[in-house]
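One structure is given here, and the rest of the page talks about it.
Residue numbers (our numbering): 59 to 654.
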């Protein structure tokens, strides 16, 4: 009970520390803005203006992907910008609803709704988004700031390509003015092909022209989405698009309906936990990649743990008020960087402009044609279909199977199942690569004190009666027994040609030892001891040595466990067996006498 209280107190301190850091950082930012001339922030004002031009139409469009009302996208945009402005650390990140998170949220809500028919979809979405925020806060408490690194980049890129393809297929009916009920992407493709002759050509014309303009745009610092939206709104006042069957966004009700908490009493909470965890992983993997790739280009190092708090707070607030899940999307963050943003003030400017748009320009937003929103979404996710990031893996001949399998799993198994398969692939890659056995035999390099791999150097000298080996990968439960079995086989092979009285095993690649590894080392030491062969471990890390000391094995005494180099271990072993052959000897742990 006492240990639980200690852990809870430690978690509270970590969270309080992050909040305090964020408060101090925000206060410093406010003071800097107050004391710096406005002329110094012209780039931030320009970037904020450019970014808000794509954020508002994308927020409405992504709400459509999630099968939520447009207000949900606007709520997500407001709290995403607000939370990251106050807590976040990257000067370039723009936090709002993203296409991938909206797609995953739609699938999660659809899956849970199938299990519990009485649950209100908007309520389920709100709960899932708040749970995503909870996962982010928990990750900060547990110091999982680098958790996204556990998803291999090839896997993430394959998933992104699969999601992009799925989103584009799902948006094609909106782009072409078709009404297709099925949510299965491949069934949609078949339905589109069957309805080509009966589609609304006016809606298709608006969508295809908008898409062509977006792809042909050649002014990167000017938001193409903004100008396409403005032009489409102007067209609705000139041409009777509605009478031609072109759907418009329509009036956006700013009154959020109350959450139906009663409908959640019999909810599939285990399923909700699993799906919110998958959604959280997707949001963070995309956000981490976006935040750190843009910061790295400018030599900056964002605080991952504080960004976890920022993303967690944004999702908690967005979910509580009925918004979508939010993250640092690639398109908005990249545009913010390209537009010349220098600080988080660009996000603050975008937030202020967004509030003004909601107050004064909502009637115009209601005039946006739906095919234009479909075109904006397709353009926003089209970068995910580029083969350029994947080409390098085929050139390097590395991780090709991971990329292809991740893409195919998302494209054909569905978003959630594909994400699950992709995460399993990442973990499997780590385990398989780590479980590979690499053991090198070392010999002394002539004219030096270095012991090197005999396969890489020819001018080496063996040590009589001694075999020196090195584990070339960290040892853990998956590779402990195979690695030490390889060590035993190499010793037996050597004994056929020459006598071996002592074995030195270098453990420099292993920072710590788990229980399986310790048991395997003790078994090896016992096996060698029964054959009259001594064993010494050298270059041990502190935690690994402590683990072996705690084991208190009679076959691995403290004198056999050394922090020191291979050369030192060889001299110590020779000193014990043949003291007349070695001058430079000393007792491990003793202070070496000073030379005159």
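Where a beta carbon is used, it is the ideal one built from N, C-alpha and C, also for glycine.
### Task
Over the uninterrupted beta strand (DSSP E) stretch that includes residue 499, give me the two end residues.
On the chain shown, position 441 is the one that residue 499 refers to. Unbroken beta strand (DSSP E) run through residue 499: 497-503.
### Query
What's the C-alpha gap between residue 502 and residue 611?
On the chain shown, residue 502 is found 444 positions in, with the first residue counted as 1. On the chain shown, residue 611 is found 553 positions in, with the first residue counted as 1. If you draw a straight line from the Cα of residue 502 to the Cα of residue 611, it is about 30 Å long.
### Query
At which residues does the beta strand (DSSP E) containing residue 265 begin and terminate?
The residue labelled residue 265 in the question sits at position 207 within the chain shown. No beta strand (DSSP E) contains residue 265, which is instead part of the alpha helix (DSSP H) from 259-274.
### Query
Does the beta carbon of residue 588 sit closer than 7 Å to a beta carbon anywhere in chain D?
No chain D appears in the structure shown, which is made up of a single protein chain.
### Query
Is the stretch 486-500 in contact with the stretch 531-543, if contact means three or more CB pairs nearer than 8 Å?
yes
### Task
For residue 511, write down the residues that DSSP places opposite it in a beta bridge.
For this step, residue 511 is matched to residue 453 along the chain shown. For residue 511, which the question treats as bridged, DSSP gives the partners 500.
### For residue 528, the residue or residues it bridges with in DSSP
As a first step, residue 528 is located in the chain shown; it is residue number 470 there, counting from the start. Beta-bridge partners of residue 528 (DSSP): 498 and 564.
### Message
Is the beta carbon of residue 99 closer than 7 Å to that of residue 571?
### Response
In the chain shown, the residue the question calls residue 571 occupies position 513. In the chain shown, the residue the question calls residue 99 occupies position 41. It is not a contact, given that the beta carbons lie outside the stated cut-off.
### Check: residue 118 C-beta below 6 Å from any heavy atom of the ligand ADP
The model depicted lacks the ligand ADP and carries no ligand whatsoever.
#### Entry: Unbroken stretches of the alpha helix (DSSP H), 4 residues or longer, contained in the stretch 363-419
388-396 and 403-418
### Task
Report the rounded CA-to-CA distance for residue 110 versus residue 180, giving the unit in angstroms.
The sequence position of residue 110 within the chain shown is 52, counting from 1. The sequence position of residue 180 within the chain shown is 122, counting from 1. For residue 110 and residue 180, the distance between alpha carbons rounds to 26 Å.
### Message
Quick check: what's the CA-CA separation for residue 634 versus residue 478?
### Response
Working through the chain shown from its first residue, we reach residue 634 at position 576. Working through the chain shown from its first residue, we reach residue 478 at position 420. Approximately 56 Å between the Cα atoms of the pair.
### Message
Let's see if you can read the secondary structure: which residues bound the alpha helix (DSSP H) around residue 617?
### Response
Here residue 617 corresponds to residue number 559 of the chain shown, with the count starting at 1. No alpha helix (DSSP H) holds residue 617; DSSP gives it neither H nor E.
### Three-state class that DSSP yields for residue 445 in the structure shown
The residue labelled residue 445 in the question sits at position 387 within the chain shown. Of the three classes helix, strand and coil, the one that applies to residue 445 here is coil, per DSSP.
### DSSP bridge partner residues for residue 592 (one or two, in chain order)
Residue 592 sits at position 534 when you count from the first residue of the chain shown. 560, per the DSSP bridge assignment.
### Task
Report buried or exposed for residue 555, applying the criterion of at least 16 other Cβ atoms within 10 angstroms of its Cβ.
Here residue 555 refers to the residue found at position 497 of the chain shown. Classification of residue 555: exposed, given that the 10 Å Cβ count is below 16.
### Rounded C-alpha distance that separates residue 124 from residue 152
One-based indexing of the chain shown puts residue 124 at position 66. One-based indexing of the chain shown puts residue 152 at position 94. So the two alpha carbons sit approximately 20 Å from each other.
### Query
Grouping DSSP H, G and I as helix and E and B as strand, with all else coil, what is residue 354?
Counting from 1 along the chain shown, the entry for residue 354 is found at position 296. Correct three-state label for residue 354: helix.
### Query
What residues are listed by DSSP as bridge partners for residue 306?
Locating residue 306 in the chain shown gives position 248, where the first residue counts as 1. Bridge partners of residue 306 according to DSSP: 427.
#### Entry: Buried or exposed (CB count within 10 angstroms, at least 16 for buried), residue 631
Position 573 of the chain shown holds residue 631. Result: buried.
### Task
Would you kindly work out how many angstroms separate the C-alpha atoms of residue 457 and residue 451, rounded to a whole number?
For the purposes of this step, residue 457 is taken as the residue at position 399 of the chain shown. For the purposes of this step, residue 451 is taken as the residue at position 393 of the chain shown. Cα-Cα distance, rounded: 6 Å.
### Query
Rounded to a whole number of angstroms, what is the C-alpha to C-alpha distance between residue 231 and residue 433?
What you label residue 231 is simply residue 173 of the chain shown in a count that begins at 1. What you label residue 433 is simply residue 375 of the chain shown in a count that begins at 1. Taking the straight line from one Cα to the other gives about 11 Å.
### Query
Taking the C-alpha atoms as reference points, what is the distance between residue 389 and residue 440?
Residue numbering aside, residue 389 sits at position 331 when the chain shown is read from its first letter. Residue numbering aside, residue 440 sits at position 382 when the chain shown is read from its first letter. Straight through space, the alpha carbons of residue 440 and residue 389 are spaced by roughly 10 Å.
### Query
Per DSSP, what kind of secondary structure is residue 154 in: helix, strand or coil?
Against the chain shown, residue 154 aligns to sequence position 96. In the structure shown, residue 154 sits in a strand (DSSP, three-state: E or B).
#### Entry: Per DSSP, cross-strand counterpart(s) of residue 518
For the purposes of this step, residue 518 is taken as the residue at position 460 of the chain shown. Looking at the DSSP assignment, residue 518 forms a beta bridge with 503.
### Task
With a threshold of 16 other CB atoms inside 10 Å of the CB of residue 412, please say whether the residue is buried or exposed.
As a working note, residue 412 is residue 354 in the chain shown. With 16 or more other Cβ atoms within 10 Å, it is buried.
#### Entry: Close beta carbons around residue 564, own chain, < 6 Å, minus the five adjacent residues each side
Residue numbering aside, residue 564 sits at position 506 when the chain shown is read from its first letter. So the qualifying residues of the chain are 528, 596, 597 and 624.
### Message
Using only CA atoms, which one of 246, 394 and 277 lies nearest to residue 113?
### Response
To locate residue 113, count along the chain shown from 1; it is residue 55. Out of 246, 394 and 277, 394 has the C-alpha closest to the C-alpha of residue 113.
### Task
With a 10 Å radius around its C-beta and 16 neighbouring C-beta atoms as the bar for buried, classify residue 547 as buried or exposed.
On the chain shown, position 489 is the one that residue 547 refers to. Label assigned to residue 547: exposed.
### Message
Less than 7 Å between the beta carbons of residue 483 and residue 173, yes or no?
### Response
The residue labelled residue 483 in the question sits at position 425 within the chain shown. The residue labelled residue 173 in the question sits at position 115 within the chain shown. Taking 7 Å as the Cβ cut-off, residue 483 and residue 173 do not qualify as a contacting pair.
### Message
Just to confirm before moving on: does the CB-CB distance between residue 187 and residue 345 stay below 7 Å?
### Response
Mapped onto the chain shown, residue 187 falls at position 129. Mapped onto the chain shown, residue 345 falls at position 287. The answer is no: Cβ separation not under 7 Å.
### Message
With a threshold of 6 Å on Cβ separation, who are the neighbours of residue 119 within its own chain once the five nearest residues in sequence on each side are excluded?
### Response
Within the chain shown, the letter at position 61 stands for residue 119. Correct list, in chain order: 431, 434 and 435.
### Query
Does the pairing of the stretch 360-378 with the stretch 231-249 give three or more beta-carbon distances under 8 Å?
Touching, no.
### Query
Should the stretch 208-227 be called in touch with the stretch 336-355, which here means at least 3 C-beta pairs below 8 Å?
yes
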